[in-house]
Structure formats: structure tokens, C-alpha cells
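Going by numbering that gives the first Met the number 0, 129 is the number at position 130 of the sequence shown; the sequence numbering is gapless. We put the beta carbon where it would ideally sit given N, CA and C, even for glycine. As the structure is a computational prediction, the values presented were derived from the model and not from experiment.
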Amino acid sequence: MKRVFSGIQPTGNLHIGNYIGAMRQFIELQQEMDCVYCVVDMHSITLPQDPQELKKSTLDVAALYLSVGLDPKKSIIFVQSTVPAHAELSWILTCNSHTGELFRMTQFKDKNKGDESAPAGLLTYPLLMAADILLYDTDIVPVGNDQKQHIELTRDIAQRINHRFPKAFVVPDYRGMKIGARIMALDDPTSKMSKSAQNPLSRITLLDEPTRSKAIMKATTDSEGTVRFDTEEKPGISNLLTIYSVFSGQEIKAIEHQYEGLGYGAFKKDLVDVVIEGVAPIRQRFDEIRHSQELIRILEDGTRRADAIAQKTLKRVKDVFGL
Ligand code: ADP
Ligand code: NA
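Okay, here's the thing in C-alpha cells:
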């Protein structure tokens, strides 16, 4: 059976971009593949975090995994820092990667902006991510489009090491959604929706509702006034159409047709309802699960199962390197 691995950082509020681009795939894949899903808390400390807040957010993301439909009987769900092999393998990969290829990562360039006092973890972060993936002999990595470059780096490093030591690693493939691999910020449809953007109206969060309808009603569009999908000319409306389509289950063509001759106001107003309705069951399950003993039990079980796989891979790799 094919192995799947992916992770989400427990920093900031999860948003519908995370759901549409990544989590939807997690659910789809758990039916037919051997899935491992991780809350990557060690990635979060690439920037300073409030310790209490980080612990809370880690459990939030774990509870969200279950709330969107991950089934612990079908998927391994665990917290990265509870499996030490991630950090160990990451060091081995660090010694087998080039500084140049790390400096070329667009996410690093965006976040670092040439600041020499930035944490070194910002630069080496993709190697921890590569370790996450390679540790589970992963075939498929379901992520959003923004992570594609990091998967390519993971492949490069795995292939480089395999060239020297054949079969050290399984070389993984990127998997993205056909529709919704990159949900754009509502206030600026030229950049992706993200957890860390300053403006809270730039995103629609999965958990805290208050700004949701305001964010949609204020979303940047264009002056044409026609609800039409065209990512080049109409990135704002196209982004909203994608969101509408995902949460309503309707085809984009059908939605365009439905709003023919109507303005953006009517479309946005309905989109608010569609999103609220789509997200409500997630919130409801979250409230049931988040403070349950069951959540802790599932994570402990996940740690045990993940650790068993990770230890096996790490032993194989250390052996290969003479460690
Ligand atoms: P963020 O990028 O929001 O800070 P993460 O880095 O933890 O969050 O990403 C979690 C997952 O969500 C990754 O698979 C990532 O590619 C995906 N993702 C993040 N933002 C978006 C987006 N705007 N559209 C689609 N997928 C996204
Ligand atoms: Na990301």
C-alpha cells in the first residue's frame, strides 16, 4: 500500500486555504492509502512562540484533523516533537544538502529578506520537512501549491543520497488539488492566504467566526461586475468562485450561470452563507473533541505507531552512513 505523509504547523489560526489545499486531500487519501499526518510543532519554533500558546495550538490542530474527518483507525495522527527521529534524520540531511539550494528557496527569501540575525532554522526548515517525509518512506505528499518547491528539494536530496547509497530513501511525489491548490488572500488575490498575514480580513479561519462575513464582503474583486472564472484577469472573483465551489459542491460553471446578471454583492452575500454552512460541522466536532481524553489517547497511540516506523527507517539510514 502506498504511504502518504503530510503536516500542518500549529502556529496561528488554521484557515480555509489549509483546508481546501491540504486537509481535503488528507481525507480523500486515507480511504485507500497508508496515511501519516503530523502536527509539525518543531517547524513552528523557527520563529519565537509563546510556549503556552504553542501547546494549545498543537492540540487545536490535532483536534481539527479529527474534526475535518481524519479517522485514527485509518490514519496515524501524532505530534512531531514526540518522535525524536525527525530531528535526528534532519541532521543527516543537513550534512547532505547544499547551502546554495537552501538560500534559493522562495519561502526563505520571502521570510528572511536578507536579515543576518534571522534564526538559522528559517533556512534549514526545509530539511526538517524533508526528514518528516523521508522518515516514513513516503510515496505521496499531499500539500498546497506553496510547498511544491520544498518537495522538489526533498526529492533532490533523497536522489543525491541514493546516488551514493542506493535505496537509502524512497523518493516522494508532490500531490496537489486540481482546484484550490492555492487559495489567495481575500485582501490581495496576488498573494496566498496565510496564517501569518497581518490583516485578519485576508483569511477565513476555520475556528473563530467574527471576521468571516466582513472578510468576504470586503474581499478585493474588480470593476467588471461579472461573476466569471478567469485567474489572470479576475484573480479575486476566481478565488471566491473556487471557495464557493468547494463548500457548495457545485461546479464553477454552474455558479457562474447562477449569478449571471447579478452583481458581486449578491454573490458575496451567498458565499458568506455557503462558507458558514460548510465550516459549521467542523466547528461543532472540534468543540466536542478538543478537550476530550480521547484526543490525548489518539495522539499517544499515534506517537507509538509513528515512532515504530521512524525508528526502523532511521536505523537503516544510520547504518548506511556508518553511524
Ligand atoms: P500556512 O502556510 O498557512 O502558514 P502551513 O505552512 O502549516 O500553513 O501549511 C499547511 C498546509 O496548508 C500545507 O500543505 C500548505 O501547502 C497548505 N496551504 C497553506 N496555505 C495555503 C493556501 N493559501 N492555499 C492552499 N493551500 C495552502
Ligand atoms: Na505553508
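Looking at the structure shown, is residue i part of a helix, part of a strand, or coil, going by DSSP?
i	result
I182	coil
G20	helix
G260	coil
F107	helix
F4	strand
H14	strand
S74	strand
T220	coil
T210	coil
T45	coil
E250	coil
L63	helix
H97	coil
A119	helix
D114	coil
P280	helix
L28	helix
Would residue i pass as a contact of residue j if the rule is Cβ separation under 8 Å?
i	j	result
P125	L152	yes
R181	D145	yes
P83	T137	no
A21	S5	yes
V3	M32	yes
I178	T241	yes
A305	I75	yes
S237	V273	no
P141	Q48	no
V38	A61	yes
L134	L298	no
G321	P71	no
I9	L69	A small fix is needed here, since residue 9 is Pro in this sequence, not Ile. For P9 and L69, no; Cβs fall outside 8 Å.
Y18	Y36	no
V319	A167	yes
L122	L101	yes
I132	R174	no
H149	M128	yes
N12	D286	no
L261	L239	no
R211	I275	yes
Per DSSP, residue i forms a beta bridge with which residues?
i	result
Y173	V140
K233	D229
Y36	S5 and I76
K191	M183
T204	H14
Could you give the C-beta distance for residue i and residue j, rounded to a whole number, given that I count them as a contact under 8 Å?
i	j	result
L200	A214	4 Å
S193	M183	With 8 Å as the limit, S193 and M183 do not qualify as a contact, their Cβ atoms being about 10 Å apart.
G235	P165	No, G235 and P165 are not in contact; Cβ-Cβ is about 49 Å, not under 8 Å.
L46	L294	Not a contact, Cβ separation roughly 26 Å.
A157	L185	Going by Cβ atoms, the distance from A157 to L185 rounds to 37 Å, so no, they are not a contact pair.
R284	E255	About 32 Å; that fails the 8 Å criterion.
K73	Q29	4 Å
T220	Y263	5 Å
V67	I26	6 Å
So, is the C-beta of residue i closer than 8 Å to a C-beta in chain D?
i	result
F107	The structure shown contains no chain D; it is built from a single protein chain.
Considering only residues of the region 286-316, which uninterrupted alpha helix (DSSP H) runs meet the minimum length of 4 residues and lie entirely inside it, listed in chain order?
none
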